[in-house]
Amino acid sequence: MTPTEIIFMLAGTCTVMFFGVKLLGLVMMLAPKLCYPLPVSFFTSLGKWAVVTGGSDGIGRAYAQELSKHGMNVIIISRNQEKLDRAARNIELSTGTQVKVITADFTKDDMYGHIMKSLEDLDIGILVNNVGILPSHVPCRLLETADLEKKIYDVINCNVKAMVKMCRIVLPGMQERGRGVILNVSSGIAKIPCPMYTLYAASKVFVERFSKGLQAEYKSKGIIIQTVAPFGVSTSMTRYQKPDMVTFTAEEFVKSSLKYLKAGDQTYGSITHAILGWIVQAIPTWVLQSEVFQYHFKKYVKERMEK
């Protein structure tokens, strides 16, 4: 066998193995209860409290609601006191668990001392870093973003700094107790170069890299740190797009994603979004970066939001 034949054979073998592993992962996602089983008492065994940022609405509120159904008391953090109080009342009435609220604007710098004091001495088993903002709901080029300087500051503070600071606050207690789960909500578009959402997508890439590194550092301490990277979820961020085959309600997505807590350091949260992730990553980069794609992508998102 010639060296060229050996190289082609090895390349073919590696390709088959790569796609074989991917396919196996998809098959396992079809049966999460069998492949990634969680004991009935799994959530309450982690600790008495779950902390959810951006917990007054959308995916954050859905996480708070679902974790409460599993018997955990919940602390929800957001900037709107009225929405926080309303969410807390609804969760308490529907689940019978205790809910605390902390008012904090994560685009600011001066509230982490207040958060740390409020969480002091609590047995926190789960942290969901969900809070995040889009610089612009309608896709646009960076320099076309309204009030760009403020948006740069706000996106970095809210999407990047908030996650790191919340981990800094909660992780020491988890390490001391030798148990805990940290879920960092990213986005499916972090998997590809995403013009027209450049700043937002880049902030979510940070979420993924930070989470993977942190999991490697603290896995041996009994702590699960996982990135959750959804595509379409009907929330205020997406202007409540109508749910369909690829767009979930927040409740549907969260219920699905929690089934994959032991599926590794990154999950799309659902089999549908995992398949979509495969498709998106298979698109050549030059297509994603083309003017034609950018034009039609903007048009598509704008039309869906208008509907």
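So the sequence shown is numbered by this note's numbering: it starts at -18 and just counts up by one.
From the three backbone atoms N, C-alpha and C, an ideal C-beta is built for every residue, glycine too.
Predicted model only: the values in this text are computed from it and were never measured.
For residue i, the three-state DSSP class (helix, strand or coil)
i: residue 83; result: strand
i: residue 23; result: helix
i: residue 264; result: coil
i: residue 165; result: strand
i: residue 68; result: helix
i: residue 76; result: helix
i: residue 276; result: helix
i: residue 18; result: coil
i: residue 283; result: helix
Supposed close pair residue i, residue j - CB separation, criterion 8 angstroms
i: residue 51; j: residue 25; result: 7 angstroms
i: residue 182; j: residue 197; result: At roughly 23 angstroms, the Cβ-Cβ gap does not stay under 8 angstroms, so residue 182 and residue 197 are not in contact.
i: residue 82; j: residue 57; result: 6 angstroms
i: residue 60; j: residue 85; result: 6 angstroms
i: residue 218; j: residue 124; result: Not really, about 22 angstroms apart at Cβ, beyond 8 angstroms.
i: residue 286; j: residue 247; result: Incorrect: roughly 28 angstroms between the Cβ atoms, too far for contact.
Other residues of its chain near residue i: CB distance less than 8 angstroms, five sequence neighbours each side excluded
i: residue 156; result: 199, 202 and 204
i: residue 257; result: 169, 212, 227 and 249
i: residue 78; result: 49, 52, 53, 54, 55 and 72
i: residue 14; result: 240
i: residue 231; result: 39, 40, 42, 43, 214, 215 and 216
i: residue 76; result: 46, 49 and 50
Same chain, Cβ closer than 6 angstroms to residue i, neighbours up to 5 away in sequence not counted
i: residue 44; result: 33, 109 and 235
i: residue 119; result: 283
i: residue 16; result: 9
i: residue 189; result: 167, 171 and 208
i: residue 261; result: 173
i: residue 206; result: 163, 192, 195 and 196
i: residue 140; result: 113 and 184
Own chain partners of residue i with C-beta closer than 7 angstroms, once the 5 adjacent residues on each side are dropped
i: residue 253; result: 226 and 227
Point to revise | 3 or more residues per run - each beta strand (DSSP E) lying fully within the stretch 201 to 259 | key: 204 to 209, 213 to 215 and 228 to 230
Practice item. Just list the beta strand (DSSP E) runs in the stretch 80 to 121, keeping only unbroken ones of 3 residues or longer that don't cross its boundaries, in chain order. Key: Correct list: 80 to 84 and 105 to 110.
Point to revise | Inter-stretch contact at 8 angstroms, needing at least 3 Cβ pairs: the stretch 131 to 148 / the stretch 228 to 243 | key: Judged by Cβ distances under 8 angstroms, the stretch 131 to 148 makes no contact with the stretch 228 to 243, as fewer than three pairs qualify.
**Study point:** Unbroken stretches of the alpha helix (DSSP H), 4 residues or longer, contained in the stretch 126 to 204
**Key:** 129 to 136, 143 to 158 and 179 to 199
Exercise for review: Mind listing, in chain order, the continuous alpha helix (DSSP H) runs of no fewer than 4 residues lying wholly within the stretch 31 to 70?
Suggested key: Taken in chain order, the unbroken stretches of alpha helix (DSSP H) that lie wholly in the stretch 31 to 70 and span 4 residues or more are 39 to 50.
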